[in-house]
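As structure tokens, the structure follows; a few thoughts come after it.
Number of protein chains: 2
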Amino acid sequence: METPQRRRRHDGPRPTARHPDYRQLRHPFAPQPVFSDDRVAAMHEAALAVLENHGIKVLLPEAVALYARAGARVDGDMVRLGRDIVADALALAPGSIRLHAANPARTLTLEPGALTFMAGGGAPNCTDLRRGRRPGTQADYEEQLKLVQGFDAIHYTGPTVESQDIDPALRHLAVTRAQLTLTDKVPFVYARGTAQAEDAFAMIAQARGLTDLTGDARCYTVINSNSPRQLDVPMSQGLIDFARWGQPSIVTPFCLMGAMAPITVAGALVLQHAEALAGITLAQLARAGAPVLYGSFASNVDMKSGAPAFGTPAHLQATLGAGQLARHIGLPWRSGAGSAGNSADAQAAQEAVMGLWGSMLAQSTMIVHSAGWLEGGLTFGYEKFIIDMEAVQTLAELCTRPPQGDADLALDAIAEVPPGGHFFAAAHTMARYDSAFYEPLVADLRNHGQWMDGGAPLTQDRALAVWQQRLADYRIPDACAGIDAVLAPFIERRTREGGAPPLG
Amino acid sequence: METPQRRRRHDGPRPTARHPDYRQLRHPFAPQPVFSDDRVAAMHEAALAVLENHGIKVLLPEAVALYARAGARVDGDMVRLGRDIVADALALAPGSIRLHAANPARTLTLEPGALTFMAGGGAPNCTDLRRGRRPGTQADYEEQLKLVQGFDAIHYTGPTVESQDIDPALRHLAVTRAQLTLTDKVPFVYARGTAQAEDAFAMIAQARGLTDLTGDARCYTVINSNSPRQLDVPMSQGLIDFARWGQPSIVTPFCLMGAMAPITVAGALVLQHAEALAGITLAQLARAGAPVLYGSFASNVDMKSGAPAFGTPAHLQATLGAGQLARHIGLPWRSGAGSAGNSADAQAAQEAVMGLWGSMLAQSTMIVHSAGWLEGGLTFGYEKFIIDMEAVQTLAELCTRPPQGDADLALDAIAEVPPGGHFFAAAHTMARYDSAFYEPLVADLRNHGQWMDGGAPLTQDRALAVWQQRLADYRIPDACAGIDAVLAPFIERRTREGGAPPLG
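These protein sequences, in sequence, are chains E and H.
Counting from 71, one number per residue, gives the positions in the first sequence under the working numbering.
Counting from 71, one number per residue, gives the positions in the second sequence under the working numbering.
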């Protein structure tokens, strides 16, 4: 078919193409409930009752002492928190968090209604069709940072894969250096002990030309409670350290319904809420007004095998309910998408898109594991990342309403094109054809014959070509210029000193 | 892991398992707008202006005469419709349609808020991994009917594939017979001329023990206008015939933005709305109060190749806008999901799920092409059907809110399980484990090692096994008993008479 774009090729270069900017997104849809308002209140009350009557086990004495000082009943490492203590903490937690990136255009305001995406994170392994599945290395991680940098719809760097080839005592230096020198997005810091966190904070401060980080949020961490009802040493320490340094913690119980959480969505949310409230409270006790995000990643296990499942009805309902609880306490919050699949095929695509939509309707502030998360988080997939980015970008596009001026009603074009004609050559089309539509990243729109002639590639095969091209196209962001030299002396010294072994 | 279900296996048969019933669904989410209310009104007004000032080309003289009798300005086959004529027609069209199935439990009420799904339809070809891609035959069609019958979340039978091995003059007899003898769902009838429609109506009446169909809606057809602004002979005839016999027409312009429709979402919707209003009006002129559904299937073409795309941002925005227009005129309506992909892989899964979610948020009454639609409708895929059914069933599950009684808060279970423990053996879990969660149809939740040991099957490979098992499990529904004998004399006679060649 002779489309305008094809015709244009004969005439000369393409006019202004479409350059969508996905760096600052707001949710386009109203949040959807799955529980009645009184049930949300009942879940909140039940969580308070759990904390008050049964308590949470806290393995870090410093954290126990903070709770005790606030009036909690402490029995060994069991901490029972009165509802007044929790209420005071919730009153202190900010409802809006300004999170500064190296590139000011990527600085985020995390508040209700804001929409941000993180790539799949925390995987020990990674996989791609060229090199196969393997334990993650620092080289893999750096590649993934370059890929993440190239997509505006991913708003943070994250711990896509673990750099298992680096000494754990030095790993945080390499990981933080890579984020600061390869990307201009908000970096992630693992909560693996005070020494590691303070090293990372020092590096971020140096990269930003500051003496220290206190004052502005410039990185983030994820705190996972050990469901049910337990906060371990590194997580408790992380909550305290990140709060004191003014850096946001995302307090995320990982509540697998029927395994580490009750089998009902409501019950799993009560447990999640209790644990999240305990963590949020600890952060506020460490420093009043510390930035914290409420976190949810509740899904079900397959009752036949005990395996975690994602993108399921229960996962989506839990996400929608978590959004209601987050709004009940007025905090920005994170949800999780992702896939249990073992390859970047139809199941994995379906699970991921389901999880993304659940998060959209739940009005999640930060959708974690949005792209690249395979095997329930055990593997970061390169092709999977590209395929999921098609979905993430589709959702990012929906944040902008379609043009709705009078000219967009196209009455002139409709009058101009006769019955049975076509709009390819209409003036209305010619004025818009190069910017009207989202351009697919990996979708193949060839017809069956052309596709067969082209070797009948699967989406995975095309995604392999896309990520390789994206890596080839990578350029170091302006904001990273000179950072390597700035950080070198600190990294050298800390390496000489032996770094900092992870807590845990 | 020793899950309750595994444990139970040693003890004896499973207790009552989960038997979800997806036959009557209501939308769980509030419809989401993409246009402001005044822009919806402006699109409606613009469509009326198009019909009034520019008109629609109508190729059937009987239809032109009906329009003329109502006061339309007629110039040859161009019909210009005053807004009063359209308003009168809209006032007559029922907002709720009771659509009777052979099995009363499958009888549908099509009205705002109702949610129904149709399988992919209208494909000339079908494909599966065992037999490859091929032109559709009656044997294929009958297999697909058996598959459709097995899924309660598909609410109609439909024209999944065209029975190309049957003489076109006899095909409607074979297709209608197959639907009436193999399924107890609402059947589909093609609008291919009065003689074919009346044959089908007679067969449905006989199968239901009636003298004729008039009075109750017992089947449905899809009327596609020829965008832009044209109603051909079979479609005009179908609108008239189905209206006179009281059977619902789904009036669906197929508006490809940038090709047969304006390139803007708003412009494509204006054209779609004008054409749909013209069709709805014709039905009401043929018989006041005739059941009609508003229809939308607007997506964009890829401006590089002219190929239709699905599951895109523009497709979803058009669906959401169409929902607003349908609610503006107060009619039940259909949307379309589906995929442009050539195989049942990640792209095809993603496009289909995106389209399904767009339809959910648009609160579509009838989501057409929900499962099995490949190559933009040129092929019905068996594995694709199974994979999409996982998504359709997930959405059907979301129509039921999670249990939210006091017991579902699981306070006893949370008290019972100590920190760091698990809920597998909790009484709360044991009482619910066998019915708590949706059981996946094709998703594989094995870990990577088990999956590799199992031959690393793709979702498609597993879907192949699922549809073969489903076919093996097929049983003729009770409501079909004896229907074959009832229909035989009529079919014999009509066959002797040469059937009825399709109009077109």
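All C-beta atoms, glycine included, are put in the ideal place defined by N, C-alpha and C.
- According to DSSP, residue pairing for V110/H in a beta bridge does not occur.
- By the criterion of a C-beta distance shorter than 6 Å, T197/E is surrounded in its chain by R203, T449, G451, once the five residues flanking it on both sides are discounted.
- Relative to V335/H, the option among W521/H, R471/H, A384/H, S409/H whose CA is nearest is A384/H.
- Contact of Y508/E with chain H by beta-carbon distance below 8 Å involves T382, P383, A384.
- R545/E: not part of any beta strand (DSSP E); DSSP gives it neither H nor E.
- Comparing C-alpha distances from A209/E to each of T227/E, H89/E, T177/E, A244/E shows the shortest one belongs to A244/E.
- Residue-level contact by beta carbon fails for D198/H and chain E, as no gap is shorter than 8 Å.
- Interface with chain H (8 Å Cβ-Cβ cutoff): A116/E is included.
- Judged by beta-carbon spacing, R471/H lies beyond the 8 Å limit of V438/H, meaning their Cβ atoms are not closer than that value.
- Apart from sequence neighbours up to five positions away, the residues of its chain that approach I561/E with a beta-carbon distance below 7 Å are L243, R247, ordered along the chain.
- Take T251/E, set aside five residues on each side of it, and the residues of its chain with a beta-carbon closer than 7 Å to its own are C550, I553, D554, in chain order.
- Interface residue (Cβ-Cβ distance to chain H less than 8 Å): T251/E is not classified as such.
- For the region 99–158 of chain H, the continuous alpha helix (DSSP H) assignments of 4+ residues that do not extend past its boundaries occur at 107–119, 131–139, in sequence order.
- Under the 10 Å beta carbon count, G381/H is surrounded by 16 or more other beta carbons and is classified as buried.
- L169/E does not reach chain H, its nearest Cβ partner there being about 27 Å away, counting only Cβ pairs nearer than 8 Å.
- When 7 Å is used as the limit between beta carbons, L431/H is near these residues of chain E: F99, in chain order.
- The region 86–95 of chain H makes no contact with the region 408–427 of chain H, as fewer than three CB pairs between them are under 8 Å.
- Contact fails between the region 307–320 of chain H and the region 483–502 of chain E, because fewer than three Cβ pairs, one in each stretch, are under 8 Å apart.
- Linking A513/H to Q417/E through their CA atoms gives a straight-line distance of about 6 Å.
- I274/E and L283/E have their C-alpha atoms some 8 Å from each other.
- Per DSSP, the unbroken beta strand (DSSP E) holding F450/H starts and ends at 449–451.
- Taking 8 Å as the CB threshold, H398/E stays off the interface with chain H.
- Against chain E, a Cβ distance below 9 Å from G447/H picks out nothing, because the smallest value is about 12 Å.
- Using beta-carbon distances, S375/E counts as an interface residue toward chain H, with a partner under 8 Å.
- Looking at the DSSP output, C196/H bridges to R204/H, F450/H.
- A check of alpha carbon separations from A480/E across A535/H, I333/H, L355/H identifies I333/H as the nearest.
- At least one C-beta of chain H is nearer than 8 Å to the C-beta of I484/E.
- At the C-beta level, P304/H and A331/H stay beyond 8 Å of one another.
- L395/E is a Cβ neighbour of M113/E, given a cutoff of 8 Å.
- In the three-state DSSP reduction, Y260/H falls in the coil class, being neither helix nor strand.
- A Cβ of chain E is located within less than 8 Å of the beta carbon of Y503/H.
- Using a Cβ distance threshold of 8 Å, S297/H and P323/H count as a contacting pair.
- When rounded, the separation of the alpha-carbon atoms in H343/H and A117/H is 6 Å.
- Within the region 198–253 of chain H, the runs of alpha helix (DSSP H) at least 4 residues long that lie entirely inside it are, in chain order, 208–219, 238–252.
- E232/E counts as buried, since no fewer than 16 other beta carbons sit within 10 angstroms of its beta carbon.
- 8 Å or more divides the Cβ of A313/H from the Cβ of A272/H.
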